[in-house]
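Participant:
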């Protein structure tokens, strides 16, 4: 199962967490990751005047969060498959597309916006548009301003997802899941609360955006 990690990533895990990926469980990972976030958080480096130092700190933290999200997804989801693989939405000829799928993320993590969109976004502005990597025309569009400054209080990131039939839906779902697993207290899609769990997200989004079968 470690095949989802490159050799470089496996080495980074050993260096950062002091453990092989096979030795990590979810409880140990979350404890170690919390310590690393405190150690490398960019806010600790704002006192420095050197912009290079601050930029390096941001990049280090961004890399830590991206790697942490991937580890979390690996530990949480394992090798689980679809809930009902015989359903039409899981057939190879299934087609999907949607304009403005409403997504709300409730979180106490003021840095979730960084995990989603990168370290340069200190504040999300209504109308901001982000292309999802490895897709042709899949975008997230921010629906409400979000600063993410409160600590210990629930805040909501409101956005819309738009994608076309040529976009790989599982790539989109995996991208979102890896960034919100363990970070979002709740996920609401088109007004319905969905568990922050890969299978639940995959099933709900596929059902909601299903257009039919090719040739059907």
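Numbering (the numbering used here), first residue to last: 37 to 252.
Every residue, glycine too, gets a C-beta built ideally from N, C-alpha and C.
1) Residue 208 lies in the alpha helix (DSSP H); which residues open and close that run?
2) Beta strand (DSSP E) containing residue 143: first to last residue?
3) How would you call residue 143, buried or exposed, if buried means at least 16 neighbouring beta carbons within 10 angstroms?
4) Mind checking which residues open and close the alpha helix (DSSP H) that includes residue 236?
5) Between residue 163 and the rest of its own chain, which residues show a CB-CB distance below 8 Å, the 5 nearest in sequence each way excluded?
6) For the ligand MN, I want to know if residue 135 counts as a neighbour, meaning its beta carbon is within less than 6 Å of at least one of the ligand's heavy atoms.
7) Which residues does DSSP pair with residue 198 in a beta bridge?
8) Looking at the structure shown, is residue 123 part of a helix, part of a strand, or coil, going by DSSP?
Facilitator: From the atom records:
1) In the chain shown, the residue the question calls residue 208 occupies position 172. In the DSSP annotation of this structure, the continuous segment of the alpha helix (DSSP H) that includes residue 208 starts and ends at 205 to 216.
2) For this step, residue 143 is matched to residue 107 along the chain shown. Its beta strand (DSSP E) spans residues 134 to 143.
3) Here residue 143 refers to the residue found at position 107 when the chain shown is read from its first residue. Its Cβ being crowded by 16 or more others within 10 Å, residue 143 is buried.
4) As a first step, residue 236 must be located in the chain shown, where it is residue number 200. Per DSSP, residue 236 belongs to the alpha helix (DSSP H) from 234 to 245.
5) Mapped onto the chain shown, residue 163 falls at position 127. 177 and 178, listed in sequence order.
6) Looking for the ligand MN in the displayed structure turns up nothing, as the structure carries no ligands at all.
7) Here residue 198 corresponds to residue number 162 of the chain shown, with the count starting at 1. 175, per the DSSP bridge assignment.
8) Locating residue 123 in the chain shown gives position 87, counting from the first residue. Looking at residue 123 - three-state DSSP - the assignment turns out to be coil, as it is neither helix nor strand.
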